[in-house]
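> Below is one structure. I have some questions about it.
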Amino acid sequence: MRKAINSVEQFLIAKHLLYWTVIIVPVSVIIGLLVALFLWLLELATETRWANMWLIFLLPLAGILITFLYKALGKNSDAGNNLVMDEIHKPGGGIPARMTPLILFTTVITHLFGGSAGREGTAVQMGGSISSLFAKSYKLKQEDRRILLMGGMAAGFGAVFGTPVTGAIFALEVLAIGRIKYDALIPCLIASVVADVTCSACGILHTQYSINFISSNEHLIPFIPIDVLLLLKVIIAGVLFGFTGFLFAELTRFIKDKSNLYFTRKWLIPVTGAILVVGISYLIGSFDYLGLGVTNPHKDGVSIVSAFSPGGAMYFSWFFKLVLTAITLGMGFKGGEVTPLFFIGATLGNTLAVLTGSPVDLFAGLGFIAVFAAATNTPLACTMMGIELFGTEHTLYFAIACFTAYYFSGNSGIYGSQRVAVNKFHITNNEELTIKQTKEKRKQQDS
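Those letters in the sequence shown? Residues 227 to 673, by my numbering.
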C-alpha cells in the first residue's frame with residue numbers, strides 16, 4: 227500500500243515539473259533573447275563612448291530625456307527591481323509591460339553618455355516584466371504567478387552574467403533576509419538555464435575570469451589543512467567588504483532621498499548628477515570609472531579584469547567607483563548596481579592584497595563576490611557565483627568572505643523592498659517589514 231502511495235506521489239511530482247517546464251520555457255527563451263539584445267547594445271554603446279569621449283558632456287541631456295520618458299510613459303516602472311519584489315511578496319498594481327523597453331533603452335542611454343551603472347537591474351526588470359505579461363495571458367492563480375515572477379528574475383540574472391545556478395539561487399534568496407522558500411526552486415533553475423543557453427546561442431560571450439593562485443601544501447599548523455594566516459586575512463577582508471557593501475547601499479539611498487527632498491524640479495536631479503559625475507571624473511583625472519568598467523581599452527586603465535593583476539588598480543579605485551555609481555543611480559539614471567559592485571569589490575580586494583601581502587587575484591575574486599553579497603544579502607548565491615566564475619579550488623575562501631561580508635553589512639541593502647525575515651542578530655520578526663519600512667520605523671522611534 228505504501229509503495230502504491232509513493233508511486234502516485236512521484237507521479238504527481240513529475241506532473242508538476244512538466245507543468246512548470248511547459249509554462250516557463252517560452253518565457254525564458256524570450257527573456258534570454260532580450261538579454262542578448264541588451265548586452266549587444268550595451269557593448270555597442272560602450273565602444274561608441276570610448277571612441278567619442280565628447281559624448282559624456284551630453285550626460286545632462288540624457289538625464290532629462292530619461293526623466294521625461296519615465297514621467298510620460300513609466301507609470302509605476304520607476305520603482306524598478308523593488309516593484310518586481312513587491313509584486314512577488316504582495317500582488318498590487320502589477321508590473322507594466324512597458325517596463326521592458328523603457329529600462330532597456332534608458333540603461334543603454336545611461337552607458338552611452340557615461341553614467342556609472344550596471345546591467346543586472348535591467349535584466350531582472352525585463353525578466354519580471356515579461357514573466358508578468360505571460361502570467362496574465364496564462365491566467366495563473368496568485369501563487370503560480372509569484373513563482374513565474376521569480377523564474378523571470380532568475381532568467382534575467384542567469385543570462386546577463388552567464389551564471390545559471392547563481393541566477394536560480396539569487397531569485398530564491400534575495401526576497402527575504404534570513405529565509406529561503408524552495409517552492410520555486412525547479413522553475414527558477416529551469417528558467418535560468420534556458421535563458422542562459424538562449425543568450426549564449428545568440429553569440430553573446432561573457433567575460434572570463436581566472437584565479438591562478440594555488441594554495442601551498444605547507445601549513446602553519448600541520449593538522450589543519452588550510453593556510454590559517456591566509457584564512458585570517460580573508461576574514462578581515464570579509465569584514466571590510468561588508469562595510470563597503472553597507473556604505474554603497476546607504477550612500478545611494480541617502481543621495482536619492484536628499485535629491486527628491488531638495489529638488490522641486492525633478493529634471494534638475496539627473497542634470498546635477500551628470501555634472502557631478504563628469505566633474506569628479508575630471509577632478510580625479512580618469513574616465514575609468516564611467517560605464518560598466520568590466521574592461522578598459524587603455525593598457526594602464528583600471529577595470530574589473532585589470533584588478534585581478536598586480537598594479538591593476540589604485541588604492542582608491544574602489545572608492546571612486548562607489549561614489550560615481552551612487553550619484554548616477556541615486557540621481558535618476560538607470561542601470562544595475564551589481565556590476566559596479568563587482569568593480570568596487572575587485573579593486574578593493576586588489577588594494578587589500580597589496581597592503582597585506584596576499585594573492586592579488588584571489589582577493590580580487592573574493593571582493594568581486596563578497597561586496598555583492600553584502601549589498602544584496604545573498605551570501606549563498608554569491609558563493610555559488612564564485613564557483614561558477616572562478617572554479618572550485620577556493621570554495622572555502624569564497625564562502626567565508628561572502629558570509630562574513632553578509633553579516634557585517636547589517637540589516638541594510640540596495641533593495642528597499644527586500645524583507646527582513648530574520649535579522650542578523652538571529653531574531654525572527656513577528657511582523658515582516660522591508661528594509662525601507664525598517665529604516666522608517668527606526669527613524670520614528672529615534673525622533
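For every residue, glycine included, the Cβ atom is placed at its ideal position computed from N, Cα and C.
Find the nearest neighbour of L518 within the set Y296, T565, L581, judged by alpha-carbon distance.
Of the candidates Y296, T565, L581, the one whose C-alpha sits nearest the C-alpha of L518 is T565.
> Would N438 be called buried (16 or more neighbouring beta carbons within 10 Å of its own) or exposed?
Result: exposed.
> Less than 8 Å separating the beta-carbons of S638 and D312?
Taking 8 Å as the Cβ cut-off, S638 and D312 do not qualify as a contacting pair.
> Buried or exposed for G505, please, with buried defined as at least 16 other CB atoms from any protein chain shown within 10 angstroms of its CB.
Flag for G505 reads exposed.
> Excluding five sequence neighbours on each side, which residues of the same chain lie with their C-beta closer than 7 Å to the C-beta of E614?
Taken in chain order, the residues that qualify are T389, V391, T392.
> Does the separation of the CB atoms of L375 and I282 fall below 8 Å?
Not closer than 8 Å, so no.
> With three or more C-beta pairs closer than 8 Å as the rule, is the region 588-595 touching the region 621-629?
Result yes; three or more Cβ-Cβ pairs closer than 8 Å.
> Leaving out five residues on either side along the sequence, give the residues of the same chain with a beta carbon under 8 Å from the beta carbon of H337.
Same-chain partners within the cutoff: L268, A271, T272, R275, A343, G517, L518, G561.
> Mind pulling the alpha helix (DSSP H) runs of 4 or more residues that sit fully within the region 255-325?
With a minimum length of 4 residues, the continuous alpha helix (DSSP H) runs that stay inside the region 255-325 are 285-299, 307-315.
> Using the rule of at least 16 other Cβ atoms within 10 Å of the residue's Cβ for burial, across every protein chain shown, is A397 buried or exposed?
A397 comes out buried.
> Which word fits F294, buried or exposed, when buried means at least 16 other C-beta atoms lie within 10 angstroms of its C-beta?
Looking at its Cβ environment, which holds fewer than 16 other Cβ atoms inside 10 Å, F294 is exposed.
> Since C414 contacts G258 with CB under 8 Å, what's their CB separation in whole angstroms?
Not confirmed; about 14 Å, so no contact.
> Out of curiosity, what's the CA-to-CA distance linking F339 and R491?
If you take the alpha carbons of F339 and R491, they lie about 22 Å apart.
> Tell me the DSSP secondary structure of T660 in three-state form.
In the structure shown, T660 sits in a strand (DSSP, three-state: E or B).
> Would you tell me roughly how many angstroms separate the C-alpha atoms of N576 and A600, rounded to the nearest one?
Whole-angstrom Cα-Cα distance: 18 Å.
> Quick check on DSSP: helix, strand or coil for R645?
In this structure, R645 counts as strand in the three-state DSSP scheme.
> Using a threshold of 8 Å, state whether the C-beta atoms of G404 and M379 are closer than that.
Contact flag unset, no.
> Are the CB atoms of T602 and V400 within a distance shorter than 8 Å?
The answer is yes: Cβ separation under 8 Å.
> Whole angstroms are fine: how far does the CA of A361 sit from the CA of A305?
Cα to Cα, the separation comes out at about 20 Å.
> Under 7 Å from any heavy atom of the ligand GDP, does the C-beta of E269 make it?
As for the ligand GDP, it is missing from this structure, which has no ligand bound.
> Could you check what DSSP says for G639 in three-state terms: helix, strand or coil?
Reduced to three states, the DSSP call for G639 is coil.
> Are the beta-carbon atoms belonging to R179 and V386 less than 8 Å from one another?
Residue 179 is absent from the model: the chain starts at 227 and stops at 673.
> Is it the case that the Cβ atoms of V420 and V251 are separated by a distance below 8 Å?
For V420 and V251, yes; Cβs fall inside 8 Å.
> I need the DSSP call for A539, collapsed to helix, strand or coil.
Three-state DSSP puts A539 in coil, outside helix and strand.
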